[in-house]
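Residue numbers (the numbering used here), protein chains in the order written: chain A, 517 to 667; chain B, 49 to 598.
Ideal placement from N, C-alpha and C gives every residue a C-beta, glycine not left out.
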Amino acid sequence: MRIIKDKQIVEDNWHFVADDTELPVGDITVSTARWRRDKPVLLKREGNIGLRIDSTEAVEDIAEDLPYFRLIELNFSTFTDGRSFTQASLLRSRFKFSGELRAVGNFMVDQIFYLSRTGVNAFALKNSDQLPVALANLYDFSVAYQASATG
Amino acid sequence: MYQYNQQDQTLIEERVAQFRGQTERFLKGEIDDDQFRALRLMNGLYIQTHAPMLRIAGPYGLLSSRQIRKLAHIARTYDKGYCHFTTRQNIQFNWPKLEQVPDILGELASVQMHAIQTSGNCMRNTTSDPLAGICKDEIEDPRPYCEIIRQWTILHPEFAYLPRKFKIAVSGASHDRAATQFHDIGLHLVKNADGEIGFKVFVGGGLGRTPVIGQVIRPFLEKKHLLSYLEAIVRIYNLFGRRDNKYKARIKILVKEAGLDTIREQVEKEWRLIKDYLELDSERIEAITAQFAPPDYDPDAANDQSFSQSLEQNPDFATWAKHNTVEHRIPGYRAAFISLKARDLPPGDVTESQLDLIADLADRFSFGEVRSTHRQNLILSDVRQQDLFSLWQQLVSAHLATPNIGTATDIICCPGLDFCSLANAASIGIAQGINAALDDLDYLYDLGDIKINISGCMNGCAHQSVGHIGILGVDKKGEQWYQLTLGGSSENEAAIGERLGPAIPKDQVTKVITHILGVYIEQRREDESFLQTVNRTGITPFKERVYAHH
Numbered sequence: 517m518r519i520i521k522d523k524q525i526v527e528d529n530w531h532f533v534a535d536d537t538e539l540p541v542g543d544i545t546v547s548t549a550r551w552r553r554d555k556p557v558l559l560k561r562e563g564n565i566g567l568r569i570d571s572t573e574a575v576e577d578i579a580e581d582l583p584y585f586r587l588i589e590l591n592f593s594t595f596t597d598g599r600s601f602t603q604a605s606l607l608r609s610r611f612k613f614s615g616e617l618r619a620v621g622n623f624m625v626d627q628i629f630y631l632s633r634t635g636v637n638a639f640a641l642k643n644s645d646q647l648p649v650a651l652a653n654l655y656d657f658s659v660a661y662q663a664s665a666t667g
Numbered sequence: 049m050y051q052y053n054q055q056d057q058t059l060i061e062e063r064v065a066q067f068r069g070q071t072e073r074f075l076k077g078e079i080d081d082d083q084f085r086a087l088r089l090m091n092g093l094y095i096q097t098h099a100p101m102l103r104i105a106g107p108y109g110l111l112s113s114r115q116i117r118k119l120a121h122i123a124r125t126y127d128k129g130y131c132h133f134t135t136r137q138n139i140q141f142n143w144p145k146l147e148q149v150p151d152i153l154g155e156l157a158s159v160q161m162h163a164i165q166t167s168g169n170c171m172r173n174t175t176s177d178p179l180a181g182i183c184k185d186e187i188e189d190p191r192p193y194c195e196i197i198r199q200w201t202i203l204h205p206e207f208a209y210l211p212r213k214f215k216i217a218v219s220g221a222s223h224d225r226a227a228t229q230f231h232d233i234g235l236h237l238v239k240n241a242d243g244e245i246g247f248k249v250f251v252g253g254g255l256g257r258t259p260v261i262g263q264v265i266r267p268f269l270e271k272k273h274l275l276s277y278l279e280a281i282v283r284i285y286n287l288f289g290r291r292d293n294k295y296k297a298r299i300k301i302l303v304k305e306a307g308l309d310t311i312r313e314q315v316e317k318e319w320r321l322i323k324d325y326l327e328l329d330s331e332r333i334e335a336i337t338a339q340f341a342p343p344d345y346d347p348d349a350a351n352d353q354s355f356s357q358s359l360e361q362n363p364d365f366a367t368w369a370k371h372n373t374v375e376h377r378i379p380g381y382r383a384a385f386i387s388l389k390a391r392d393l394p395p396g397d398v399t400e401s402q403l404d405l406i407a408d409l410a411d412r413f414s415f416g417e418v419r420s421t422h423r424q425n426l427i428l429s430d431v432r433q434q435d436l437f438s439l440w441q442q443l444v445s446a447h448l449a450t451p452n453i454g455t456a457t458d459i460i461c462c463p464g465l466d467f468c469s470l471a472n473a474a475s476i477g478i479a480q481g482i483n484a485a486l487d488d489l490d491y492l493y494d495l496g497d498i499k500i501n502i503s504g505c506m507n508g509c510a511h512q513s514v515g516h517i518g519i520l521g522v523d524k525k526g527e528q529w530y531q532l533t534l535g536g537s538s539e540n541e542a543a544i545g546e547r548l549g550p551a552i553p554k555d556q557v558t559k560v561i562t563h564i565l566g567v568y569i570e571q572r573r574e575d576e577s578f579l580q581t582v583n584r585t586g587i588t589p590f591k592e593r594v595y596a597h598h
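Take a look at the structure:
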């Protein structure tokens with residue numbers, strides 16, 4: 517599927533694998549529960565590994581394992597749940613996560629500017645028709661009063 | 049007052065463009081109702097009973113004459129010729145058209161105004177003391193800090209989708225005129241034992257359905273840590289505030305449920321991790337403070353003799369000057385209230401022609417500035433005493449000189465059922481009924497300082513729970529009834545009013561209020577105020593009288 521990554525529309529081949537599903541080949545993300553359960557297996561397989569975290573999870577709890585992940589997906593259950601913004605900010609500024617930080621789930625394209633300021637650099641939209649609008653929204657503001665989480 | 053630089057101006061212009069695009073996409077069906085609701089609210093736009101309502105930010109209540117003229121222009125061009133001042137120093141238009149809102153926001157941007165974050169679950173307009181910078185009991189002018197906070201809150205990317213709204217108020221004086229203990233965060237400028245000025249930080253205050261008095265989370269915060277401490281509090285709130293029930297989502301509930309000590313521990317822990325990255329340097333404070341430098345006061349103002357002559361010669365003027373002006377830290381100057389509580393107009397409402405006149409008077413008599421107050425009046429803050437008589441004459445001609453500031457007819461009132469889709473009952477009509485019943489000025493002045501607050505529903509926009517007399521509209525099987533409370537206060541001795549008894553029907557409210565005031569007159573000792581009497585006697589004598597008649 518096509519996503520926005522680093523301000524460009526790109527083809528993406530990562531897959532989220534549900535907790536009870538067999539591990540496929542390729543680049544995958546899993547829940548933190550599965551990561552904790554299957555960590556040795558996940559590390560042995562070929563392909564990159566990433567993590568999908570819900571807004572209710574504390575990012576401190578995964579801080580030590582961050583070097584394993586090329587991608588962290590912030591999963592929005594609803595666009596009104598602003599905890600993901602703080603998670604992004606903490607992952608970038610406090611825990612120095614330098615991999616891909618991607619918004620997934622029920623966020624809206626009109627949140628993309630704020631998300632980018634908190635350090636999210638990739639966006640998987642539910643509706644690919646909105647990709648051009650989403651891309652344009654990254655440039656909504658040329659100025660800001662707050663420092664960006666990525667410095 | 050603060051003047052925008054290029055960055056400030058660019059930001060609000062880009063915001064207008066953003067909302068214009070969002071509105072167009074909504075009208076084309078490309079944004080759904082729920083999503084657009086969140087976006088429009090953060091641009092001040094509500095959908096109301098009759099039409100949209102647009103709330104515009106009045107940053108800590110400070111407006112220039114140019115901005116006032118722009119409000120007049122908007123009222124004439126896009127609305128029905130008037131606007132409304134709120135308890136949080138904001139301005140509301142009740143009849144704009146959705147399609148025209150981006151144009152209105154564009155007009156506002158041309159005079160350094162906006163409607164950003166005046167609603168929605170985000171950090172709102174920061175409010176302050178309407179007498180900031182001119183009152184005698186001030187430790188330090190709070191406005192520079194309000195402006196610093198304004199900038200920090202505007203479009204803060206991490207905190208635009210909080211569990212619920214979040215309000216900050218700052219007071220720099222010993223007398224709290226900004227209801228700081230009823231805000232999510234209240235800040236008091238205070239001096240510590242070493243003579244250093246910093247902030248006493250209150251958290252978890254609020255009104256609405258569950259009124260709570262804020263508690264001190266930090267007795268002294270150095271100025272340089274202002275933003276990091278605010279950021280720590282809001283971050284903890286964003287992570288841990290309840291999102292399962294919107295009536296339990298304010299930080300006051302988080303503080304109540306977790307306990308102040310736990311919240312303090314979490315906030316301080318977070319703060320220690322960020323305080324070195326988010327320091328407010330003294331150059332920045334000085335640069336912003338310089339924008340609030342005192343105006344060029346007339347050094348001869350105190351030598352004037354005409355003011356005392358006018359007072360002697362004109363009793364009506366003397367009455368107005370006594371009730372509607374207050375002392376100023378500069379000898380020969382006074383601050384003059386413009387009463388928006390005329391008997392025949394909804395409290396807080398002002399017409400376009402009145403706004404134009406107010407702008408002219410501000411230019412002529414008060415360095416071109418106007419302030420809005422928590423109690424829904426306006427102030428010309430820097431008037432030479434020799435100019436007060438001319439000012440009064442002009443205000444009288446425009447029905448803006450009702451000499452009732454601080455009295456029982458200076459009522460805080462929400463728009464109520466007449467305009468608001470949330471309301472259960474009318475509030476404006478109740479205010480007008482009370483006002484009409486108290487038309488004897490001698491009696492009104494004899495009653496002294498009485499704060500009556502009327503809200504048309506339990507959301508409590510008019511802060512009824514902290515009124516000396518609070519009136520709350522409730523719906524009883526489709527009829528409008530009113531719940532009364534006595535003894536509330538939003539000032540230093542913050543208190544939540546006690547419920548008098550069962551709700552009363554609409555046609556009884558005015559009579560009941562006159563009974564309550566009658567009990568006060570009978571019960572008071574010497575110079576005791578209404579609030580002091582209620583605090584001493586408790587509500588029993590009032591209750592007995594009110595319910596004896598039913």
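Have a look at A/GLU576, A/PRO556, A/ALA660, A/ASN591 and flag the residue whose alpha-carbon is nearest the alpha-carbon of A/ARG568. A/ASN591
Compare the beta carbon distance of A/SER605 and B/GLU61 with 8 Å and say whether it is the shorter of the two. Taking 8 Å as the cut-off, the Cβ atoms of A/SER605 and B/GLU61 do not count as close.
Per-residue contacts from B/ASN53 into chain A (C-beta, under 8 Å): Ordered by position in chain A, no residue passes the 8 Å Cβ test against B/ASN53, which lies about 10 Å from the chain.
Given that A/ARG702 touches chain B, what residues does it touch there, using C-beta distances under 8 Å? A question about residue 702 of chain A goes unanswered here, because the residues of chain A that appear run from 517 up to 667.
Evaluate A/ARG518 with the Cβ neighbour count: other Cβ atoms within 10 Å of its Cβ, from every protein chain shown; 16 or more gives buried, anything less gives exposed. exposed
Can you give the Cα-Cα distance for B/LYS524 and B/ALA227, rounded to whole angstroms? Cα to Cα, the separation comes out at about 31 Å.
Report all residues from its chain with a CB closer than 7 Å to the CB of B/LEU326; omit the five preceding and five following residues, and keep chain order. LEU275, SER276, GLU279.
Beta carbon of A/LEU587, beta carbon of A/ARG608: below 8 Å? no
Can you give the Cα-Cα distance for B/PHE74 and B/PRO589, rounded to whole angstroms? In this structure, the alpha-carbon of B/PHE74 lies about 57 Å from that of B/PRO589.
Look up B/TYR381 in the DSSP assignment and give the residues it is bridged to. B/ARG432
Less than 8 Å between CB atoms is the rule here; does A/THR602 satisfy it with respect to chain B? yes
By alpha-carbon positions, which one of B/ASN372, B/GLY380, B/ASP352, B/GLN137 ends up nearest to B/SER387? B/ASN372
Rounded to whole angstroms, what is the Cα-Cα separation between A/ALA579 and B/VAL264? 33 Å
Mark A/ALA650 as exposed unless 16 or more other C-beta atoms lie within 10 angstroms of its C-beta, in which case mark it buried. buried
Which runs of the beta strand (DSSP E) spanning at least 3 residues fall entirely within the stretch 499 to 544 of chain B, listed in chain order? Within the stretch 499 to 544 of chain B, the complete beta strand (DSSP E) runs of at least 3 residues are 500 to 503, 517 to 524, 527 to 534.
Using the C-alpha atoms, what's the distance from A/THR572 back to B/ARG412? Answer to the nearest angstrom: the Cα atoms are 57 Å apart.
Quick one: grab the DSSP three-state call for A/ILE520. strand
List, from N- to C-terminal side, the beta strand (DSSP E) runs of 3 residues or more that fit wholly inside the stretch 110 to 139 of chain B. 110 to 112, 130 to 133
Kindly list, in the order they appear in chain A, the residues whose Cβ is closer than 9 Å to that of B/ARG312. Correct list: empty, because the minimum Cβ distance to chain A is about 19 Å.
Is there at least one Cβ from chain A nearer than 8 Å to B/PHE578's Cβ? no
Alpha helix (DSSP H) containing B/ASP408: first to last residue? Where B/ASP408 is concerned, the enclosing alpha helix (DSSP H) stretches over 400 to 413.
7 Å Cβ cut-off: residues of chain B touching A/MET624: GLN83
Spatial neighbours of A/VAL620 in its chain, beta-carbon cut-off 6 Å, leaving aside the 5 residues before and after: GLU589, ASN591, ALA640
Residue closest to B/THR558, alpha-carbon to alpha-carbon, out of B/GLU527, B/ALA484, B/ASP575, B/TYR493: B/ALA484
Chain A partners of B/GLN70, CB-CB under 7 Å? ASP626
Listing by chain order, which chain B residues have their CB less than 8 Å from the CB of A/ARG550? Per Cβ cutoff of 8 Å: no residues; A/ARG550 is ~24 Å from chain B at best.
Could you tell me how far apart the beta carbons of B/ARG103 and B/THR166 are, in whole angstroms, since I believe they sit closer than 8 Å? 4 Å
B/ARG566: first and last residue of the uninterrupted alpha helix (DSSP H) it sits in: Position check: residue 566 of chain B holds Gly in this sequence, whereas Arg was assumed. From DSSP, the alpha helix (DSSP H) with B/GLY566 extends over 557 to 571.
Could you give the distance in angstroms between the alpha-carbon of A/VAL541 and the alpha-carbon of B/PRO100? About 54 Å.
Excluding five sequence neighbours on each side, which residues of the same chain lie with their C-beta closer than 7 Å to the C-beta of A/PHE585? ILE565, GLY566, LEU567, GLY615
Leaving aside the five residues before and after B/ILE498 along the sequence, list all residues of the same chain whose C-beta is less than 6 Å from its C-beta, in chain order. Same-chain partners within the cutoff: ALA456, HIS516, PHE578.
Please confirm whether B/ASN91 and B/ALA163 have their CB atoms less than 8 Å apart. Yes, the pair counts as a contact, with Cβ atoms nearer than the cut-off.
Under 7 Å from any heavy atom of the ligand HEM, does the C-beta of B/VAL567 make it? For the ligand HEM, the structure offers nothing, since it holds no ligand at all.
Ignore the nearest five residues each way along the sequence and tell me which others in B/GLU546's own chain have a CB closer than 7 Å to its CB. The beta carbon of B/GLU546 sits closer than 7 Å to those of THR533, LEU534, GLY535, ILE587, all from its chain and outside the five residues before and after it, given in chain order.
Would you say A/GLY563 faces chain B, with C-beta separation under 8 Å as the test? no
Can you tell me whether B/ILE569 is buried or exposed, with buried defined as 16 or more other CB within 10 angstroms of its CB? exposed
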